[in-house]
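Protein chains in written order, with the numbering used here: chain A, 1 to 262; chain B, 1 to 327. A virtual CB, placed ideally from N, CA and C, is assigned to each residue, including glycine. Have a look at the structure below before the remarks.
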Amino acid sequence: MANVITGRKILIVDDESESGILRAVRRRLEQEGWETVVVEPESGYSLGEEFEAATLWSIEQDLPDAVLLDVRFGEHRDDQFRGLGILGEIVERWPKLPILMFTQYAQGPDRETAVRGSLKWDSPVDFIDKLASPDEVVLRLRRLIGTSPESIPIGDQILVDVNARLVYIGAGEYRTPALDIQGMKFEIFHELAATWYRSPGELVAFSRLERYSEGEDPRASLRVRIREIKNAIGKGLNTRFGPSELILNVRDQGYRLVPPKL
Amino acid sequence: MNKLFISIRIAGGFIAVGGVVCLILAPLIGEKVFDKLWLIEPLTYIGYVLIVAGLGVAVVSYVGSQIKDRSIHAMNGKNPGNSWSETTLQYFQLFDHDLGRPLRRIAGKERELRAVLQAGPGEVDAGVIDLLDEIERQTPNFRLMMSNIQVLIQLESPDNDEPLQPVEPTEVIRRISDLYTAVAAEAGKEITWWSEPAEMGLVYANSNAIEHIVTNLVDNAVRYAATHVEVKLTKNPSHFFVRVWDDGPGIGQQYVQHLFDRGWTPEVVKREEKSSSGLGLYIARSLARQSGGDLTVETDDRADGDHHTAFLLSLPSNLTAPLNGNR
């Protein structure tokens, strides 16, 4: 079975890496299948300087896929925006390395505009509030890195294996492929799952799904395929999904995947 | 206003330079053209007058701008070394930092506790999970409140001039949806969003303004929706539109005219304690209009009908960079 994502490594640069907020984020990243590397500087310099040197060294050594970087290091005045200095150093040396700035102090339009002014508009740099939920951090990192996973877990009971082009139902050793979902039906479910993985609330418009249907009335054909997918997954889970479960038809605009509450 | 004073100062400078030119030209003309020697004296006088007038205009303009700045600072009781908005922002940063730190600790502890409970044996009491969810739900409120104050300071600053930048509106909507999808799910509600076309492409706009307006609208919609919130992004050749729809009870027609008033909330009419500052929609519409767009509302509060509220944000979609990089 393929991993969710293989070999992704996130470098975490924060002087409060043992705080509850950071621990929750690290836990969530590890659940996602990402390895987390926490920068731990050696003593001898001021807090900010230590982190700057240790971060650059760690990027060279660990070759991370993305960096989660705090803005502020300690309470010393010189270190209030040390993270922005580190950001500049990283962007200069590794301009393609995605960086998510963890902001916690006086953030917002002004600060971001000022920083963005010194970056290219398409720099892979984004900002997120330190109060953001771990799920929000994961979603932002997925898009920043451009992650396309080999397999997409939908809750505990459904797994879309992109390489094998199969949908697995059940958990652990009881997991079995839903052989009714193949070909066009797999493509439809994969499109819904990939969109959900990237942004859980995003609707997949009919225009994007109708290319996987055929006949004179592609929308009717799509409706039939969607029903067959729901039946196949429901059969594997010994349940029956209603119209507002698993795959929703939203106001005649398109479909959206909703992980089942089992 | 500051720009006006600067323009007057520059004009005064030009007049003074004109005076210097007259003074230089007077003897030159006199030396080269003997029969026009009489020009020397009047040209010299004109030169003197222009220098004095030009410098006078510049000095008066400078003094005028200083008096105006001092009166603003005196009105706000702030340090005249900084602009009004800079000083206010400094206070705000202090407030944000000092209040933010304990809130981050609370959120951190809540997430730790949730992890410990999940890892432990046996079922966790639903009431405990509800309490944790409630703490988690409050964090976006704090983020929005901070953002509201910050934008309000900028919006009402006399030096307000936000630059236009390349923005991908689809990405902005996606980001807001990511923030609120989890919040809505905890309250048993759902957010659906989509864009037509699927990727809108780049426009030159004030990305902070778009993000701020839509965040306020989605926050309201999640609060008042019965079960569903929809966010739809569309465009025409000159504008792009964000429609935020919720299936909540709707707003009475008698209140619609006050909806965007500063500080207005439904509790004002009922003379009850306000549940919010009433700044969100005021800021949202002000920002929209300042960006050359608008924010309107369409609502139905009939209990037996298709009750809903839909806010429509329209903003100009500049497809090329402005010449001076600013509005």
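| Item | Value |
| --- | --- |
| Stretch pair the segment 35 to 43 of chain A + the segment 77 to 97 of chain A: three plus CB contacts closer than 8 Å | no |
| G330 of chain B versus V297 of chain B: straight-line alpha-carbon distance, rounded | For residue 330 of chain B there is no data in the structure shown, the boundaries of chain B being 1 and 327. |
| Cβ-Cβ distance between F320 of chain A and D14 of chain A below 8 Å | No information on residue 320 of chain A is available, as it lies outside the stretch 1 to 262 that chain A covers here. |
| Whole beta strand (DSSP E) elements within the segment 14 to 93 of chain A, 3-residue minimum | 35 to 38 and 66 to 70 |
| Rounded separation between E50 of chain A and P64 of chain A - CA only | 19 Å |
| Separation of Q154 of chain B from L237 of chain A, as counted between CA atoms | 54 Å |
| Coarse secondary structure for L139 of chain A, derived from DSSP in three states | helix |
| Straight-line gap, L25 of chain B to L50 of chain B (C-alpha atoms, nearest Å) | 14 Å |
| Test: D328 of chain B CB closer than 8 Å to a CB of chain A | Missing from the structure shown is residue 328 of chain B; chain B here goes from 1 to 327 and no further. |
| Min CB distance A107 of chain B to chain A below 8 Å | yes |
| Residue-level contact to chain A via CB, S177 of chain B, 8 Å cutoff | yes |
| Unbroken beta strand (DSSP E) run spanning G254 of chain A, endpoints | G254 to L257 |
| Beta-carbon proximity check, V167 of chain A vs I188 of chain A, cutoff 8 Å | no |
| DSSP-derived helix/strand/coil call for I181 of chain A | coil |
| Any C-beta of chain B under 8 Å from that of Q61 of chain A | no |
| C-beta contact flag for G12 of chain B and G54 of chain B at 8 Å | yes |
| Chain B contacts made by the segment 155 to 171 of chain A, where a contact means CB separation under 7 Å | none |
| Members of the segment 176 to 203 of chain B that neighbour chain A once the beta carbon cut-off is set at 9 Å | S177, D178, L179, Y180, T181, A182, V183, A184, A185, E190, I191, T192, W193, W194, S195, E196, P197, A198 and L202 |
| Cross-chain neighbours of S199 of chain A in chain B, by beta carbon under 7 Å | R174, S177 and D178 |
| Within 8 Å, strictly: CB atoms of G278 of chain B and G263 of chain B | yes |
| Within-8 Å CB hit, D135 of chain A to chain B | yes |
| Cβ distance (whole Å) where L281 of chain B is taken to contact E136 of chain A below 8 Å | With a Cβ gap of about 24 Å, L281 of chain B and E136 of chain A do not count as contacting. |
| Partners in chain A for A115 of chain B, counting only beta-carbon separations shorter than 7 Å | A24 and R27 |
| Bridge partner(s) assigned by DSSP for S276 of chain B | The partner list for S276 of chain B (beta bridge, DSSP) is empty, contrary to what the question assumes. |
| Cβ pair count under 8 Å reaching 3, the segment 161 to 175 of chain B against the segment 195 to 206 of chain B | yes |
| Alpha-carbon spacing of P140 of chain B relative to E42 of chain A, whole angstroms | 36 Å |
| K78 of chain B at chain A interface by Cβ criterion, 8 Å | In this prediction, K78 of chain B has a pLDDT of 47, which is less than 50 and means its spatial position is unreliable; what the coordinates show is noted afterwards. Not closer than 8 Å to any Cβ of chain A, the Cβ of K78 of chain B fails to qualify, so no. |
| Backbone CA spacing between L203 of chain A and V244 of chain B [nearest angstrom] | 14 Å |
| V196 of chain A classed as buried or exposed, judged by whether at least 16 other C-beta atoms fall within 10 angstroms | A small fix is needed here, since residue 196 of chain A is Trp in this sequence, not Val. Result: buried. |
| Start-to-end residues for the alpha helix (DSSP H) that takes in D332 of chain B | Any property of residue 332 of chain B remains undetermined from this structure, which presents chain B solely from 1 to 327. |
| Endpoints, the alpha helix (DSSP H) within which V162 of chain A is located | Per DSSP, V162 of chain A belongs to no alpha helix (DSSP H) and is neither H nor E. |
| Beta-carbon contacts of I210 of chain B that lie in its chain and below 7 Å, excluding the five residues immediately before and after | V167, P169, V172 and L315 |
| Integer Cβ distance of V125 of chain A from I99 of chain A, believed to fall under 8 Å | 5 Å |
| Proximal residues of chain A, C-beta to C-beta of F142 of chain B below 8 Å | L131 |
| Reduced DSSP secondary structure (H/G/I, E/B, other) of Q138 of chain B | helix |
| Cβ-based burial, G47 of chain B [other Cβ within 10 Å; buried from 16] | buried |
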